[in-house]
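**Q** Heads up: the sequence shown is residues 4 to 117, going by my numbering.
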Amino acid sequence: MEWKLEFYVTEKGDSPVEESIGRLSKKAGAKILRWLDLLEKFGLSDLRDYIKKLEGYELFELKILHAANYYRLFFSPYEDKRLVFFHLFSKKSKKTPRREIETAMRRKRDYEAR
């Protein structure tokens with residue numbers, strides 16, 4: 004059974020992750036969408052070399068390298084083999100900025116409250 008992918012949507016109907024993907028170069032956006040297809044087909048265990056759980060948070064991080072940039076997607080697994088994506092950003096450093104984690108956690112709390 005395949006996983007279901009879902010993007011966080013604000014109360015106003017905005018989808019920050021999809022909007023972020025849309026603002027990327029065509030090649031970068033296509034690469035991220037290919038990774039999402041792989042996640043949908045194979046789930047977490049087959050891609051564990053590219054996914055890590057963020058210590059101290061109920062979030063996972065998918066790292067995608069494209070043209071010397073690392074794109075990071077924060078998401079959480081839910082019942083019924085569903086993955087919900089909360090935040091996408093790019094960075095060149097190894098350390099994940101706390102404000103990026105906080106953005107994802109704020110969206111996760113909003114998602115779970117509705």
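Glycine included, each C-beta is placed from N, C-alpha and C at the ideal position.
1) Please list, in chain order, all residues of the same chain as Val-87 whose beta carbon is under 7 Å from its beta carbon, the five residues on each side excluded.
2) How should Arg-51 be labelled, buried or exposed, when 16 other C-beta atoms within 10 angstroms of its C-beta is the threshold for buried?
3) Cutting at 6 Å between CB atoms, please list the residues of its own chain near Leu-91, excluding the five before and the five after it.
4) List, from N- to C-terminal side, the beta strand (DSSP E) runs of 3 residues or more that fit wholly inside the region 75-100.
5) Does the pairing of the region 94-101 with the region 25-34 give three or more beta-carbon distances under 8 Å?
6) Taking Cβ positions, are Leu-73 and Lys-66 nearer each other than 8 Å?
7) Report the rounded CA-to-CA distance for Lys-55 versus Leu-62, giving the unit in angstroms.
8) Using the Cα positions of Lys-111 and Lys-34, report the straight-line distance between them to the nearest angstrom.
9) Run through DSSP, which three-state label would Tyr-3 get?
10) Alpha carbon to alpha carbon, how far is Lys-84 from Asp-40?
11) So that I know if they touch, is there some Cβ in chain C lying closer than 8 Å to that of Leu-68?
**A** Walking through what the data contain:
1) Glu-9, Tyr-11, Phe-78, Ser-79, Tyr-81 and Tyr-114
2) Here Arg-51 is exposed, its C-beta having fewer than 16 other C-beta atoms within 10 Å.
3) Apart from the 5 residues on each side of it in sequence, Leu-91 sits with its Cβ closer than 6 Å to the Cβ of Val-20, Ser-23 and Leu-76 in its chain, given in chain order.
4) 85-94
5) no
6) According to the sequence shown, residue 73 is Tyr rather than Leu. Yes; because the gap between Cβ atoms is below 8 Å, this pair is in contact.
7) 9 Å
8) 24 Å
9) The displayed coordinates of the chain run from 4 to 117. Any statement about residue 3 would go beyond what the structure contains.
10) Cα atoms of Lys-84 and Asp-40: separation of roughly 14 Å, rounded to the nearest angstrom.
11) In summary, chain C is missing from the structure at hand, where a single protein chain is found.
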